[in-house]
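Counting from 1, position 123 in the sequence shown corresponds to residue 247 in this note's numbering; the numbering is continuous, with no gaps. Cβ coordinates follow ideal geometry from the N, Cα and C atoms, glycine included. Remember, predicted model here, so these are calculated numbers, not experimental data.
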Amino acid sequence: MDFSLIKTQNADKVCYLILPEGVSKDLNDDLQELAELFSLSFVMVEGADWNDDLTPWPALGVFKKAKSFGGRASAFLTKLCNEIVPKAEVELGLTNPQRTLMGVSLSGLFAVWTAFNTDVFQNVISISGSLWYDGFAEWVRTHEISPKVEGICLLLGEKEKNAKEKRMATVEEKTTEIAAILKGKCQGKVVFELVEGTHFSPVVPRMVKALSAVLGK
Numbered sequence: 125m126d127f128s129l130i131k132t133q134n135a136d137k138v139c140y141l142i143l144p145e146g147v148s149k150d151l152n153d154d155l156q157e158l159a160e161l162f163s164l165s166f167v168m169v170e171g172a173d174w175n176d177d178l179t180p181w182p183a184l185g186v187f188k189k190a191k192s193f194g195g196r197a198s199a200f201l202t203k204l205c206n207e208i209v210p211k212a213e214v215e216l217g218l219t220n221p222q223r224t225l226m227g228v229s230l231s232g233l234f235a236v237w238t239a240f241n242t243d244v245f246q247n248v249i250s251i252s253g254s255l256w257y258d259g260f261a262e263w264v265r266t267h268e269i270s271p272k273v274e275g276i277c278l279l280l281g282e283k284e285k286n287a288k289e290k291r292m293a294t295v296e297e298k299t300t301e302i303a304a305i306l307k308g309k310c311q312g313k314v315v316f317e318l319v320e321g322t323h324f325s326p327v328v329p330r331m332v333k334a335l336s337a338v339l340g341k
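Okay, here's the thing in structure tokens:
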């Protein structure tokens, strides 16, 4: 696991961003603009095994012959909090900043899951999060969220429920259910919104909307 930085001078906020391989490179200019707009620095977390490191427990793959999900989120979260966060914040010159964790798709699932498993992040953003994941809504219902969480934003494309795979097609139903549960558990602000588009596309307008929701810009 590694990371790269987009640094904003005098920022006391940092957003840890987990994106599919290759996507973050295409967004470098956009991320620089967002960093300046929201007066924060970005830490792009790299090297995650997408199907294994970001899933909370093992599950079958979603398509025929697809690789199963490994369920190694606990180990990945330990590395993120104990290795990446301290190293990144030393490089950024930050001491106890306001931290936001943003993920999309499976990393959006991971982001919501972390809100129940660590006090490190004050804000959680899930863009097109895979909240259809087997048993996740039930798990959220029976676990307690960190009292340190100040804001949660869930954004989902209006067309995502049209997925051909049956489990993925439940994403709007499950996200709506989970948002309601979170509103009853979280001491901070919880925002859920359906937005135009498909699976995390277009992503930049969603990032702007989500950061605005949790940071109040």
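Range of the contiguous alpha helix (DSSP H) that encloses residue i
| i | result |
| --- | --- |
| N286 | Neither: N286 is in no alpha helix (DSSP H) and is coded neither H nor E. |
| V327 | V327 to L339 |
| R265 | F260 to R265 |
| V160 | The amino acid occupying residue 160 in the given sequence is Glu; Val does not appear at that position. First-last of the alpha helix (DSSP H) with E160: N152 to F162. |
| D177 | W174 to D177 |
Spatially closest choice to residue i from the options, by CA coordinates
| i | options | result |
| --- | --- | --- |
| D177 | P326, A334, E297 and L143 | L143 |
| F187 | D136, D150 and R291 | R291 |
| V236 | K307, N286 and E157 | K307 |
| W174 | V138, F162, A190 and A159 | A190 |
| V295 | L225, I251, A199 and G195 | I251 |
| T238 | V273, A287 and V214 | V273 |
| P221 | M331, Q311, N134 and A293 | N134 |
| G267 | D150, S325, K309 and F193 | It is His, not Gly, that sits at residue 267 in the sequence shown. Ranking D150, S325, K309 and F193 by Cα distance to H267 puts K309 first. |
| V167 | D153, L161 and C139 | C139 |
| F193 | T202, V214 and L233 | L233 |
| S231 | E145, A212, N152 and A159 | E145 |
| V264 | T299, E289 and R196 | T299 |
Residue i classed as buried or exposed, judged by whether at least 16 other C-beta atoms fall within 10 angstroms
| i | result |
| --- | --- |
| Q246 | buried |
| G253 | buried |
| P180 | buried |
| A337 | buried |
| T219 | exposed |
| E284 | buried |
| R330 | buried |
| T202 | exposed |
Residues of its chain near residue i, where Cβ-Cβ distance is below 7 Å and the 5 sequence neighbours each way are ignored
| i | result |
| --- | --- |
| D126 | E170 and G171 |
| V244 | C205, V209 and R223 |
| K131 | S165 and L216 |
| E262 | none |
Cβ of residue i within 8 Å of any chain C Cβ
| i | result |
| --- | --- |
| P221 | The chain labelled as chain C is not found in the depicted structure, where only one protein chain is given. |
Cβ shell of residue i (< 6 Å), same chain only, five flanking positions each side left out
| i | result |
| --- | --- |
| K313 | G275 |
| G321 | G281 |
| D258 | A183 |
| F200 | D177 |
Start-to-end residues for the beta strand (DSSP E) that takes in residue i
| i | result |
| --- | --- |
| F166 | S165 to E170 |
| F316 | K313 to V319 |
Below 8 Å, can you find three or more Cβ-Cβ pairs linking the segment 313-324 to the segment 263-283? yes
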